[in-house]
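Per my numbering, residue 23 is the first one in the sequence shown, and the count goes up by one each step. Cβ coordinates follow ideal geometry from the N, Cα and C atoms, glycine included. Take a look at the structure below.
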Amino acid sequence: MKIKTLDIYGYGKWVNQKFDIDDGLQLFYGQNEAGKSTLQSFIRSILFGFPTKRRRVNQLNRYEPRHGEVYGGRILLTDTAYQDVWIERTSKIFTVTTENGERLADDTLEKILGGLDETLFDNFYAFNLQNLQELATIDAEKISDYFLSIGTLGSDKFLEIAKQYEKETDAMYRKQAQNRPLNQLLVEYEAMAENVYHMELNMSRYDSLIEQQTQQEQIINQLNQEIDYLDKELRVKDKLLGRYDIYLKDRLAKRELEQLVYTHIPDKAVEILENNLKAIKESQTLIIQHEERLRNLSGELGTLTRLNWANNHEDDRRLWIAETQKTKEVQAKYERTIERIQEQNETMLQLARRGQFYPEKVFQNLEYDEKVEEGLGIQSQLDDLLKQHDSIKAERKVYIDQRKEQQNFSAIVRQQVAKLENQRLNEEAQLTQSTSLNHYFLGLIFLIVGVVIVAINFFSAEGGPSLYGWLGLAIALLGLLSVVYIFIEHRKHHKTFKNSPIIEKITELRQKEQQYGEQSKALGIEINERESALEAISAELESVSSQQKRWLVAIGFYPTADPEIILKTNPVKHYFEAKAQRTQFEEEKETLNKKIVEWRAKIQPLLERFPLIDEGTRPLIRHVEEVEVALTRSQERGKAIEERMENSKQIIESNRTLIKESEEAIKQLFEATDSENELIFRQKVDTNQLIEELTAKRSLYQDQMIGFEAALEAVSTKQALSEEFQSLEHQLMLTKERLTPHHNERASLLVEINHLEQDGSYQDLLQLLENKKEEVKAMVFEWGRMRVAMELIYQTLRQGMESPVPEMNQLANEIFSTLTYGRYTQIKLNKKGLKVKQFSDILFEPHELSQGTLEQLYVALRLSFVKNALQMINMPILIDDAFVNFDEIRKTSMYQVLEKFAEDHQILFFTFDLQAKESFAETQRIDLDETEKSEEIVTEEEITEVEVSIEPTNIDETEEGGI
């Protein structure tokens, strides 16, 4: 099954979009948001149904169109059991139809898919990055099972169940374990059984009963052996009954073979007959076709009216074409001459414009040369004045620059003075703070307090100074010393302020400022003198320039012409040289024109037969060449028709010879088989086929009767054999009846043995032993059930793998070797697990491989499985950027494998990898970005159509054609 066409009505961003898909590898290229995932979802939705709204909650997008278009589309499937069919699915309908429109049953799609659902399709036919990245999270113990699951549909679920059973059984019983439940039960049972055995040894009657029980067991065994013998005999008779019908069919086939006669027919005789009959039919058809072709070619040859004229004028045609080639060169020279004349005219015009003179007023004579000498004198005088003007102007500029420099110096000095004055103000403020009267406040307080104390003590003391008087004197003295010290410090600050170096610097800078001002005034006087000189020279320059303009007009130039160009290049001289050159070209033009007229006269016969309305030389040359080409083609066509006629005659003759040879071969075949005609020959072939079929049947019958031939021949009739079978059945029934009393006797002995067990503890112990035995049986049964199920799953999966191993493994080896550039040569896949062999014959476990090599191994096994499953189901492979983490080398090998794999299997590759785009042919690529742009253009055109329908008067004819 292959997908040929995607016709999307409305699905996500794609609306009314159609994609034609290649049968091999189809690359869908586009950046993110280009619509690759939408296309993949569309394919799944059409094949398996739309995602429901409940599934959309589980992160499956329904891709419903936003503008109310029909939701869904259809897919054309080819190479199916029903030929080419359309699968159409929308939100309202689902149909399966042939290309002719015939509707098929709704379950046809399920039959085409072979019962494959969406989950299995994603697991085995969809490659994506998630598949490969899952390998990085699998440990070494699970990775072989992971690759094992690739070979069997849905085996991952079975492997999960098998692992669970293994875990549960290991929790119940391990051979060397002690605390597992089943291990403990077995230990307890063995201990109880040993206790029962010791108690039985003490019972005397028990041995006698056991002996009788043994005798009964022997009799029962003998009867059972007799029953077994009768049962075997009965089965033999039953097999004879089943094969007796086959024996009768073999006898019938033998009698039919004896009535048929085998005819020796050479190998591939029927094929030879069919080939010769087919060859005769094809040759007859070719003869009819080429005879019809001869008639058509003969009629076509008669319609070539120019052919005879071309053959009769071959010599004239050679002369005409030779002269035409010469005339082509003459015409080229003629056209170049005209161009040169035009160039000289243009040169003369440009010389007059550049030189700014009047062509009719200038002459090339002695008077003109004298006036040129006069102009040289005027120009020399003008140059001298300009030099003086430039010299004085340069001096003036120097003085101006010097004055600017002096002014800048003066400004710098003023800035420095201002800065120093600011510093002086700061020093004055600091002096004010340093000599504040507040500094005397504390000393004066002490002085006044001391004086007051002394005074009070002096007036109150009667016998001399007291202690308070001396204290007051000390305080007054301390205050006086403080005031004196502060006064001295203030005088020091005043002295420092008056002797500051800033005052001297300010005085020095003011003197410099005065000097710069005087120098600036002197430079100003020099500048004024230079300006007066410049004015005088400018007046003289204006007078000389007026004289020069009068001189220009006198010699025929514009007043605005450049005198230097006139005096140095002499444009008038070049003008007259160009004029002389033009005269020479005009003479050459006349000569070439005469040659062209002569050529026209020579080709007049050709023009009479093939006239031309346009009289131009170039069209006429082209007409002659085209006529010659047409005549040559007519001759070539006539020759080709004659060759084709001759070829058809040869084919007719050769096919007539082939018919005779085929008829002779058929005649020889009939003679070899002694057949008069084809009907008798085919009857003999059918007889030989019937003999072969009967022989094959007898061989099959003989295989089924192996070992029973003599017994079957000894059977007289089927009725006698049936009676023997019934007799054996009766004997078997009687023997089984004889067995019943012995069973009863054995049961009685068992009952008596049980009665002899009078010790209640022994009986209880037996009961406990039986109970424990049942517990062991139950747990062993449960353990065995899960263990057997586990082994069955593993064996089934591995057996399911081993059946296609030769083919699948060989293909996987080839793919894996190609992907790894021969580094790994073989994949060993068996019941024990999976290993890969390197080119050095070293085997590696999967967990020992790098992530990239592991992903390549996964791809190789998956592709080999898909290839091996072609006999069951053939589905396209969807690849969604599964190789973006591959390096450039791995991608190259991967794309080579996909290219080869796509020869037999369809692959839809969705990617934004630029290397993939460059690796595959342009015919295999659908660029979704360009498709989206074209869709946007169509949308804009549709909008324009709507505007046109509203205001048709605003659109011109070109726009209507574009729409």
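Query raised in the report: Using a Cβ-Cβ cut-off of 7 Å (strictly less than) and excluding sequence neighbours within five positions of R666, which residues of its own chain qualify?
Result: L319
Query raised in the report: Candidates E110, T120, I242: which alpha carbon is nearest D101's?
Result: T120
Query raised in the report: DSSP state of G264, grouped into three classes?
Result: helix
**Report entry** Buried versus exposed, by CB contacts within 10 Å (16 or more), Q533
**Finding:** exposed
Requested in this report: For the alpha helix (DSSP H) holding V118, just list the boundary residues, first then last.
Outcome: That residue, V118, is in no alpha helix (DSSP H); its beta strand (DSSP E) goes 116 to 120.
Query raised in the report: Under a three-way DSSP split, which group does V107 fall into?
Result: strand
Query raised in the report: Any idea if F480 is buried or exposed, counting beta-carbon neighbours within 10 angstroms, 16 or more meaning buried?
Result: exposed
Query - Burial state of F931, where buried means 16 or more other Cβ atoms lie within 10 Å - result: buried
Query raised in the report: Do Y917 and A938 have their CB atoms nearer than 9 Å?
Result: yes
Query raised in the report: Taking buried to mean at least 16 other C-beta atoms within 10 Å of its own C-beta, is W108 buried or exposed?
Result: buried
Query raised in the report: Which of the three DSSP states, helix, strand or coil, is assigned to F905?
Result: coil
Report task. Answer yes or no: do T695 and T130 have a C-beta to C-beta separation smaller than 9 Å? Result -> no
Query - T1009 vs I643 beta-carbon contact at 9 Å - result: What is shown of the chain runs 23 to 985, which leaves residue 1009 out entirely.
Query raised in the report: Would a C-beta distance cut-off of 9 Å place Y723 and A275 closer than the cut-off?
Result: yes
Report task. Below 7 Å CB to CB, which residues in the same chain sit around E278 once its five sequence neighbours on both sides are set aside? Result -> L716
Query raised in the report: The alpha helix (DSSP H) spanning N330 covers which residue range?
Result: 328 to 334
Query raised in the report: Which partner residues does D406 have in the DSSP bridge list?
Result: Looking at the DSSP assignment, D406 forms no beta bridge with any residue, so it has no partner.
Report task. Would you kindly report the start and end of the unbroken alpha helix (DSSP H) that includes A718? Result -> 700 to 726
**Report entry** Selected residue, minimal CA-CA separation from Y93, among S113, P868, N83, S862
**Finding:** S113
Report task. Decide yes or no for the touch test of the segment 297 to 312 against the segment 636 to 651: beta carbon pairs closer than 8 Å, at least 3 of them. Result -> no
Query raised in the report: For D42, which residues of its own chain have a beta-carbon under 6 Å away from its beta-carbon, when the five flanking residues on both sides are left out?
Result: T27
Report task. Give a yes or no on whether the C-beta atoms belonging to K40 and G57 are separated by under 9 Å. Result -> no
**Report entry** Rounded straight-line distance, which links the Cα of E767 to that of N243
**Finding:** 14 Å
Query raised in the report: Do I901 and N54 have their C-beta atoms closer together than 9 Å?
Result: no
Query raised in the report: Should the segment 352 to 360 be regarded as contacting the segment 563 to 570, the criterion being three or more beta carbon pairs within less than 8 Å?
Result: no
Query raised in the report: Roughly how many angstroms separate the alpha carbons of Y421 and Y538, rounded to a whole number?
Result: 14 Å
Query raised in the report: In its own chain, which residues sit with a C-beta less than 6 Å from the C-beta of Q505, not counting the 5 before and 5 after it?
Result: Reading the sequence as shown, one finds Val at residue 505 and not Gln. So the list reads Y462, G465, once near-sequence residues are dropped.
Query raised in the report: Is there contact between the segment 875 to 888 and the segment 787 to 807, where contact requires at least three CB pairs shorter than 8 Å?
Result: no
Requested in this report: Return helix, strand or coil for V218, following the three-state DSSP convention.
Outcome: helix
Query raised in the report: I625: buried (16+ other C-beta within 10 angstroms of its C-beta) or exposed?
Result: buried
Query - For D44, three-class secondary structure by DSSP - result: coil
Query - Nearest-angstrom Cβ-Cβ length linking V435 and I528, presumed shorter than 8 Å - result: Incorrect: roughly 10 Å between the Cβ atoms, too far for contact.
Query raised in the report: Do you know how far the Cα of L691 is from the Cα of L295?
Result: 8 Å
Report task. Given a cut-off of 9 Å, decide if F50 and I948 are closer than it, judged by their beta-carbon atoms. Result -> yes
Query - Selection from F923, E746, I268 that minimises the alpha carbon distance to F730 - result: I268
Query raised in the report: Would the beta-carbon of L629 fall within 9 Å of that of R339?
Result: no
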